[in-house]
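These protein sequence lines map, in sequence, to chains A and B. Take the first sequence: its letters are residues 19 to 133, numbered as in the numbering used here. Take the second sequence: its letters are residues 13 to 125, numbered as in the numbering used here. Cβ atoms here follow ideal geometry from the backbone N, Cα and C, with glycine treated the same way. Beneath this line is the structure, given in C-alpha cells, with notes to follow.
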Amino acid sequence: AQSVTQLDSHVSVSEGTPVLLRCNYSSSYSPSLFWYVQHPNKGLQLLLKYTSAATLVKGINGFEAEFKKSETSFHLTKPSAHMSDAAEYFCVVSVYTGTASKLTFGTGTRLQVTL
Amino acid sequence: KAGVTQTPRYLIKTRGQQVTLSCSPISGHRSVSWYQQTPGQGLQFLFEYFSETQRNKGNFPGRFSGRQFSNSRSEMNVSTLELGDSALYLCASSLAGVPGELFFGEGSRLTVL
Chain A
19 AQSVTQLDSH VSVSEGTPVL LRCNYSSSYS PSLFWYVQHP NKGLQLLLKY
69 TSAATLVKGI NGFEAEFKKS ETSFHLTKPS AHMSDAAEYF CVVSVYTGTA
119 SKLTFGTGTR LQVTL
Chain B
13 KAGVTQTPRY LIKTRGQQVT LSCSPISGHR SVSWYQQTPG QGLQFLFEYF
63 SETQRNKGNF PGRFSGRQFS NSRSEMNVST LELGDSALYL CASSLAGVPG
113 ELFFGEGSRL TVL
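Printed below as a string of C-alpha cells:
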C-alpha cells in the first residue's frame, strides 16, 4: 500500500521569502515522486519529478525538492516566493506494482503569497 | 504541440440526466486518465485507458464509465446524475512507460442542480 501526506493544508508567505511545502510518503515499493501545481480554474501542471536518480530535483519556476528516504519525505522548496506562485500544490507518489502503476495524490497545500 | 483539450469546459445538468465529457490527449500520448476533483474529497482517480483498453479503475459506481477511441481520444460518461457529482473532471494524458508524468487539461466543470 502507498500513501502521501501533505502536512500543511495552507501556507502563507511574504513575497521574496522562502517557500517550504512539506510532503511525507509511505510505499512498499520504490516510489517515483512528483509535485504538481494547480492555479485557479486550471488543470494541474508538473513542477518536478523524482525517479530514483539524483535526490535533489530541480523543477520549473525555481522550485526544487529533495528526496530523503530515511525521512520518507519529499519537501518542495523555493528560495524566494513570487506572487505568481500562489496556487495549490499536490504531492504525488507513483508505484509500479508489477502489473500497473498506481498514483496517489496528496490532499493539496494552498500557497498564499502576500505583499 | 497542442496540449490536452477537454470539452465542454462548463456545463449544467439536472439530477437524473446523463453527461458525456470529451478529452483529446497530446499527440502521441496513448494513455488517458480521468480524475474527479471536489473541495471535500480532493482529487480522486476514476479510470485509465491505454490503447482503447481500461487499465485501471478507481472506486466509483458503475454510473461512471469511459472509453477510448483508436485515435486515443477519450470520453467519460456519467449517467443518472446526482448532486454529489458536481465537480471538476480532469483528464490527463501521458506517454506509455512514463507513469506519473501527467499532462492535464483544464477540466470540465460540471454542476448538477
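Comparing alpha-carbon positions, which option in SER91(B), PHE116(B), LEU107(B) and PHE115(B) lies nearest GLN29(B)?
SER91(B)
Report the neighbours of PHE57(B) on chain A: residues whose CB is nearer than 7 Å to its CB, in chain order.
LEU121
With 16 other CB atoms within 10 Å as the buried threshold, where does THR50(B) fall?
exposed
Using a Cβ-Cβ cutoff of less than 7 Å, which residues in the same chain neighbour CYS44(A) once the five nearest sequence positions on both sides are dropped?
Looking at the sequence shown, residue 44(A) is not Cys but Ser. Once the five neighbours on either side are set aside, the close Cβ partners of SER44(A) are GLN20, SER21 and THR90.
Quick check: the region 17-26 of chain B against the region 113-122 of chain B, are at least 3 beta-carbon pairs closer than 8 Å?
yes
Taking the beta strand (DSSP E) that ALA24(A) falls in, what are its first and last residues?
Note on residue identity: the sequence assigns Gln, not Ala, to residue 24(A). Looking at the DSSP string, the run of the beta strand (DSSP E) that includes GLN24(A) is 20-24.
Assuming HIS28(A) is part of the beta strand (DSSP E), what are its boundary residues?
28-32
Name, please, each residue of chain D whose Cβ falls closer than 9 Å to the Cβ of SER50(A).
Going by chain labels, chain D is absent from the structure shown, which instead holds the protein chains A and B.
For LYS96(A), which residues in the same chain have their Cβ closer than 8 Å to its Cβ, ignoring the five residues on either side in sequence?
PRO36, VAL37, ASN79, GLY80, PHE81, GLU82 and ASP103
Run through chain A and tell me which residues come within less than 9 Å of PHE116(B), C-beta to C-beta.
Simply TYR54, GLN56, LYS60, GLY61, LEU62, GLN63 and LEU64.
What does the alpha-carbon distance come out to for the pair GLN146(B) and LEU95(B)?
Nothing about residue 146(B) can be reported from this structure: the residues present for chain B run from 13 to 125 only.
Would you say SER44(A) lies against chain B (beta-carbon separation less than 8 Å)?
no
Is there a Cβ from chain B that is less than 8 Å from the Cβ of SER27(A)?
When Cβ-Cβ separations below 8 Å define contact, SER27(A) makes no contact with chain B.
Hey, quick one: how far does the beta strand (DSSP E) through SER91(B) stretch, first residue to last?
SER91(B) -> no beta strand (DSSP E), and no H or E assigned at all.
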